[in-house]
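I have placed the structure first, in the form of structure tokens, so that the comments after it can refer back to it.
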Amino acid sequence: MSDPRYAVAAVLVAAAVTWGLRALPFAVLTPLRSSRTVQYLSTRIPAGVMVILLAYCLRDLPVTHARSLAPLIALAVTVGLHLWRRNALLSILAGTAVHVTLASTLFAP
Amino acid sequence: MRAALKDSAGAGLAFVPLGLAFGALVTHSGLDWWWAGLSATLAFGGSFEFLLIGMVTAAAPLAAIAASAFMVNVRHVFYALSFPLHRVPGRLGKTYATFALCDEVYALSTAKQARSWSGRRILWLQLLLHLYWAGSAVAGALLGSLIPDGVTGLDFALTAMFTVLALDAVRDLRGDLPTPALALLSALAARLLFPGQMLLAAFALFTAALLARHLVTGRKPTHV
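Dropping the structure here:
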């Protein structure tokens with residue numbers, strides 16, 4: 001590693017920005033909790049955020065490529081298992097196992 | 001703490017392989033093993049940390065790192081609206097709760113079954129997830145060279161986790177399907193129009209769409 005001081009500074013900068021984004025909105029937004037609009041948003045934002053983060057995880061999926069079958073099959077397994085058994089641990093583990101198996105063998109890059 | 005151990009199991013299971021992958025990537029990129037632990041502990045937030053590896057090995061300016069951290073993590077601004085910080089005891093507890101407020105903690109602590117969780121239980125959950133992440137990052141950095149190059153795809157754990165969290169969160173909405181539909185549309189529009197800033201654009205579009213919907217439907221007295 002060329003300069004450890006730079007690498008540490010990079011982490012400190014990232015940490016400060018991340019913490020600021022996590023902590024400061026509480027000071028600004030907490031008084032707004034009783035607002036009807038804020039309540040409307042806060043009950044719906046969690047589900048929307050998860051949908052968006054899921055879409056973000058799949059953003060670079062090459063849809064026309066055979067290689068994208070591995071994540072698509074693993075996704076189907078995860079969704080199917082979760083709708084069936086409603087066991088988060090099982091769904092994540094099985095989906096990941098299917099993906100690692102497919103991506104390392106059949107659809108190896 | 002026993003309850004928090006159980007709460008953290010699902011996300012923890014996703015954190016460990018991802019943390020191992022993160023640590024392995026750190027040493028494979030030519031950075032020292034302790035850097036994986038430092039980053040996992042201080043800049044706790046998986047998606048940006050993966051990005052940070054590339055920026056540090058490319059010796060990106062600190063200002064560029066700050067700007068990227070802001071863009072990737074600005075979604076946390078929205079978390080203050082519903083994260084139950086008021087239940088977390090003490091100034092130190094609240095400080096740590098905001099410091100370790102990652103996506104998974106937010107998702108778990110705002111879910112329907114978490115409405116009865118005490119602040120202590122939430123703090124334990126955060127500490128456990130933080131430890132899983134930092135521990136597996138260091139382990140991955142130290143063991144990284146042992147993983148055969150042919151084994152790939154562990155990163156799908158992150159996708160699987162958000163799949164499960166999204167399914168549960170949508171179910172908690174009890175038939176309010178326009179909300180996930182708006183979120184999906186926002187994500188697709190952001191992917192097409194702002195591919196470089198997809199997360200930020202998607203969150204902004206989704207919030208704007210929800211506000212517009214609230215303005216249109218909010219006049220009905222039965223609607224909350």
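Protein sequences appear in the order of chains D and X.
So the first sequence is numbered by our numbering: it starts at 1 and just counts up by one.
So the second sequence is numbered by our numbering: it starts at 1 and just counts up by one.
Cβ coordinates follow ideal geometry from the N, Cα and C atoms, glycine included.
Remember, it's a predicted structure, so these values are computed and weren't measured experimentally.
With its beta carbon at least 8 Å from every one in chain X, T64(D) lies outside the interface. With the rule of 3 Cβ pairs closer than 8 Å, the stretch 123 to 134 of chain X does not count as touching the stretch 69 to 87 of chain D. Interface with chain X (8 Å Cβ-Cβ cutoff): W84(D) is excluded.
Residues of chain X whose Cβ lies closer than 9 Å to the Cβ of P71(D) are, in chain order, G153, F156, T159. One thing to note: L200(X) has its Cβ no nearer than 8 Å to the Cβ of V26(X). The Cβ atoms of A27(D) and A69(X) do not sit closer than 8 Å to each other.
A distance below 8 Å separates the beta carbons of S82(X) and S42(D). In the DSSP annotation of this structure, the continuous segment of the alpha helix (DSSP H) that includes R44(D) starts and ends at 36 to 57.
Residue L108(X) holds the alpha-carbon nearest to the alpha-carbon of A9(X) among L108(X), R191(X), A208(X). For H76(X), the enclosing alpha helix (DSSP H) begins and ends at 76 to 79. CA-to-CA, the gap between R115(X) and I92(D) works out to about 24 Å.
Using a CB distance cut-off of 8 Å, I65(X) counts as an interface residue toward chain D. For L93(D), the neighbours in chain X by C-beta distance under 7 Å run, in chain order, L13.
By the criterion of a C-beta distance shorter than 7 Å, A190(X) is surrounded in its chain by M198, A201, A202, L205, once the five residues flanking it on both sides are discounted. The beta carbon of H76(X) falls within 8 Å of a beta carbon belonging to chain D, placing the residue at that interface.
Note that the C-beta distance between G23(X) and S104(D) is not below 8 Å.
Contact check for L128(X) against A36(X) fails: the beta carbons are separated by 8 Å or more. Around the beta carbon of V77(D), a 10 Å sphere encloses 16 or more other beta carbons of the protein chains shown; the residue is thus reported as buried.
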